[in-house]
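Protein sequence lines, in the order shown, are assigned to chains A and B. Take any residue in the first sequence, note its place counting from 1, add 5, and you have its number in this note's numbering. Take any residue in the second sequence, note its place counting from 1, add 4, and you have its number in this note's numbering. Ideal placement from N, C-alpha and C gives every residue a C-beta, glycine not left out.
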Amino acid sequence: EAQVTQNPRYLITVTGKKLTVTCSQNMNHEYMSWYRQDPGLGLRQIYYSMNVEVTDKGDVPEGYKVSRKEKRNFPLILESPSPNQTSLYFCASSLGPGDEQYFGPGTRLTVT
Amino acid sequence: AQSVAQPEDQVNVAEGNPLTVKCTYSVSGNPYLFWYVQYPNRGLQFLLKYITGDNLVKGSYGFEAEFNKSQTSFHLKKPSALVSDSALYFCAVRDPLDKLIFGTGTRLQVFP
């Protein structure tokens, strides 16, 4: 089954404790993205990647890192999480930026 | 700056009536425009997209969208709403740097 998986689905952590949210797709897609969803703000793109070893900043990259060492994986790293990063995070993939995106189920992160 | 606006936070419509969810955009060059739907506790699902060609685009679940270049709009429509259409709808545009910009979302409530 074609899908995007994210782990963990739920995470409660404390300020400053490094964490990684994994994202994997099995569709051989070139383009992958991370978004955060906040009430009243919609979805905002954090980082995106056009291909392996190519990543670019989206609209809200501060406080986040990503890597794309393999085509299928695109982990999101929070080196020192802060409470303002409490949000619902989605990973997505597509053939290209002009194509239909497939979204993962989301990761609800709470930073206390 | 590239942007997407969804002027209505919520749209209420009776089952069986036509529905419209509004979207306007601002982007350089020819726009790639998308609509996505989010059901409760789920990731986003693709509904339809416009790249070029016919101004009326047909998508999933009986939805369609009308591209209007002069009004820079891409409104989502359905001739006859169903209660099961109740969800959060997002309009999105691809910018010249291949970032994806989403609107803030419109909650559609269809009443029996």
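- Setting aside the 5 residues that flank it on each side, Y107(A) is surrounded in the same chain by A7, Q8, V9, Q30, M32, H34, A97, S98 and S99, each with a C-beta closer than 8 Å to its C-beta; the list follows chain order.
- Straight across, the Cα-Cα distance linking V15(B) with W39(B) is about 16 Å.
- Linking I51(A) to V31(B) through their CA atoms gives a straight-line distance of about 19 Å.
- Look at D43(A) here: in three-state DSSP terms it is strand.
- For Q42(B), the enclosing beta strand (DSSP E) starts and ends at Y36 to Q42.
- Proximity of F106(B) to chain A, defined by a Cβ-Cβ separation below 8 Å, is satisfied.
- F79(A): not part of any beta strand (DSSP E); DSSP gives it neither H nor E.
- Around the C-beta of D89(B), 16 or more other C-beta atoms lie within 10 Å, and the residue is accordingly described as buried.
- With respect to the C-alpha of E105(A), the residue from R98(B), T108(B) and G107(B) having the closest C-alpha is R98(B).
- Classified as buried, I105(B) has 16 or more neighbouring CB atoms from the shown chains inside 10 Å of its CB.
- Assigned with DSSP and collapsed to three states, V59(A) falls in strand.
- Taking a Cβ-Cβ cut-off of 8 Å, G66(B) has no neighbours in chain A, whose nearest Cβ is about 18 Å from it.
- For F78(B), not one C-beta of chain A is nearer than 8 Å to its own C-beta.
- If you check the CB distance, Y43(B) and A5(B) do not come in under 8 Å.
- By the Cβ neighbour-count rule, K53(B) is buried, with 16 or more other Cβ atoms within 10 Å of its own.
- For R113(A), the enclosing beta strand (DSSP E) stretches over residues T112 to V116.
- Scanning the segment 13-77 of chain B from its first residue to its last, the whole beta strand (DSSP E) runs of 3-plus residues come out as 14-18, 23-25, 28-30, 36-42, 48-54, 60-62 and 68-72.
- Below 8 Å, enough C-beta pairs join the segment 71-84 of chain B and the segment 22-30 of chain B to call them touching: three or more.
- Exclusion of the five residues before and after M37(A) leaves S54, F79 and S98 as the residues of its chain whose Cβ lies within less than 6 Å of its Cβ.
- By the CB criterion at 8 Å, S85(A) and R41(A) fall outside the cutoff.
- Using beta-carbon distances, E58(A) does not count as an interface residue toward chain B, since no partner is under 8 Å.
- Pairing R113(A) with L83(A), the inter-Cα distance amounts to about 14 Å.
- Residues of chain B with a Cβ closer than 9 Å to the Cβ of F108(A) are, in chain order, Y40, Q42, R46, G47, L48, Q49 and F50.
- Setting aside the 5 residues that flank it on each side, V17(B) is surrounded in the same chain by L23, A85, L112, Q113, V114 and F115, each with a C-beta closer than 8 Å to its C-beta; the list follows chain order.
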